[in-house]
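In what follows, a structure is listed as structure tokens, so that the remarks can point back to it.
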């Protein structure tokens, strides 16, 4: 089997590529960055695609003939979307639109299976009484990022209904794990702790809202769900959205407590109001019933193991 991953050099892309390679897939990847000399590219064929040119995308698809396309490329930061709204829509919406349009015009239109990545941010300002959140919940995105991902989901529905593309849209909730870049709660906490252990900063950790409860899933469980959704043989809900989540709520305070327990020195915690989001929801967990019914997926990594792996990964980088 041959899989094409857009955004292969990103956090999720690297984990997905590793998982597919482990399962015997031939993996091709695209990236906005020049990653030819990076270690994680071993075993992956990098292909150049001009995503500003639909004809070029068609040419690559006709040449590569992928069985699966995992469309991970895009702008993934809620915070950055407030600063660069236009860039967020360019990366998340326009790029997806050109890719789907290219598939329609390609020789793999009737055979390729496609997965687009949305976000739990599509749900936005939900009613707390509706927890956990099923896919049927009315979308009320409250950030430019969430709006862009909701738009991608609507594009997926359109291209299935209008052209019969075998495409599914996933809505992952908070995913964490080794290798995640800064700008996310676990990576930010962990990086500060490791810097303190190394003596590179004072023994004070700066945090935002610790009372918020979120649905955290290990990235390695996330990519396994992506793999199962496209590799299954039974007919699935093409054109629809599927939550990828643990179905459990974890306070951010608990994340911090576990990470601090893994630290070898005492650390003072200081709350920084500048780290609070303009709009924040106190409780946010997903309903993974649909995912489980389609794939029999279950998470394999518990929170303590994931956080320990994150910390150890950062320590080994010194």
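Numbering (full-length UniProt numbering), first residue to last: 1 to 318. All residues carry an ideal CB built from backbone N, CA and C; glycine is no exception. Note that the structure is predicted; figures quoted are calculated from it, not measured.
Beta-bridge partners of residue i, as assigned by DSSP
i: residue 3; result: 27, 68
i: residue 223; result: Partner(s): none; residue 223 has no beta bridge.
i: residue 251; result: 213
i: residue 116; result: 71, 169
i: residue 45; result: 28
i: residue 308; result: Note: residue 308 sits in no beta bridge, so no partner.
i: residue 241; result: 169
i: residue 206; result: 270
i: residue 140; result: 124
i: residue 283; result: 213
i: residue 218; result: 176
i: residue 133; result: 286
Whole-Å CB distance - residue i paired with residue j, under 8 Å assumed
i: residue 173; j: residue 215; result: 4 Å
i: residue 225; j: residue 297; result: 5 Å
i: residue 153; j: residue 72; result: Actually they are not in contact, since the Cβ atoms of residue 153 and residue 72 sit about 15 Å apart, beyond 8 Å.
i: residue 177; j: residue 306; result: 6 Å
i: residue 238; j: residue 167; result: 6 Å
i: residue 252; j: residue 210; result: 5 Å
i: residue 203; j: residue 195; result: The Cβ separation is near 10 Å, so there is no contact.
i: residue 291; j: residue 131; result: The pair is not a contact, with the Cβ atoms about 17 Å apart (cut-off 8 Å).
i: residue 217; j: residue 187; result: The Cβ separation is near 15 Å, so there is no contact.
i: residue 311; j: residue 12; result: Going by Cβ atoms, the distance from residue 311 to residue 12 rounds to 20 Å, so no, they are not a contact pair.
i: residue 116; j: residue 78; result: At roughly 18 Å, the Cβ-Cβ gap does not stay under 8 Å, so residue 116 and residue 78 are not in contact.
i: residue 126; j: residue 193; result: So it is not a contact: roughly 32 Å between Cβ atoms.
i: residue 20; j: residue 227; result: 7 Å
Environment of residue i [buried if 16+ CB atoms lie within 10 Å]
i: residue 198; result: exposed
i: residue 36; result: With a pLDDT of 46 at residue 36, under the threshold of 50, the modelled position of that residue is not reliable, and no figure is offered here.
i: residue 107; result: exposed
i: residue 23; result: exposed
i: residue 271; result: exposed
i: residue 162; result: exposed
i: residue 317; result: exposed
i: residue 63; result: exposed
i: residue 119; result: buried
i: residue 143; result: buried
i: residue 110; result: exposed
i: residue 39; result: Since pLDDT at residue 39 reaches only 45, below the 50 mark, its modelled position is unreliable, and the value read off the structure follows with that caveat. With fewer than 16 other Cβ atoms within 10 Å, it is exposed.
i: residue 121; result: buried
i: residue 257; result: exposed
i: residue 300; result: exposed
i: residue 53; result: exposed
i: residue 191; result: buried
i: residue 91; result: buried
i: residue 293; result: exposed
i: residue 1; result: exposed
Minimum C-alpha distance to residue i - residue among the options
i: residue 102; options: 20, 156, 57, 231; result: 57
i: residue 241; options: 22, 139, 97, 190; result: 139
i: residue 28; options: 15, 78, 66; result: 66
i: residue 80; options: 118, 145, 119, 50; result: 145
i: residue 43; options: 289, 295, 18; result: 18
i: residue 46; options: 53, 26, 62; result: 26
i: residue 55; options: 16, 13, 104; result: 104
i: residue 159; options: 227, 100, 87; result: 100
i: residue 286; options: 20, 51, 60, 248; result: 248
i: residue 243; options: 135, 78, 75, 122; result: 135
i: residue 88; options: 269, 75, 113; result: 75
i: residue 68; options: 3, 92, 262; result: 3
i: residue 261; options: 300, 114, 189, 48; result: 189
i: residue 123; options: 149, 112, 115, 114; result: 149
i: residue 112; options: 254, 220, 61; result: 61
i: residue 263; options: 232, 309, 231, 230; result: 309
i: residue 98; options: 85, 49, 315, 303; result: 49
i: residue 175; options: 295, 250, 125; result: 250
i: residue 259; options: 220, 232, 314; result: 314
i: residue 14; options: 181, 157, 82, 52; result: 181
i: residue 151; options: 96, 51, 59; result: 96
i: residue 288; options: 90, 164, 193, 133; result: 133
i: residue 230; options: 70, 93, 268, 269; result: 70
i: residue 141; options: 114, 228, 82; result: 82
i: residue 236; options: 295, 304, 302, 303; result: 295
i: residue 205; options: 21, 59, 269; result: 269
i: residue 207; options: 255, 232, 164; result: 255
i: residue 30; options: 1, 8, 20, 274; result: 8
i: residue 114; options: 302, 304, 232; result: 232
Proximity test, residue i beta-carbon vs the ligand MN heavy atom, cut-off 6 Å
i: residue 171; result: The ligand content of the structure shown is nil, which means the ligand MN is not present either.
Practice problem: May I have a chain-ordered list of the alpha helix (DSSP H) segments no shorter than 4 residues that lie completely inside the stretch 76–112? | Solution: Runs of the alpha helix (DSSP H) inside the stretch 76–112: 78–83, 85–89, 95–105.
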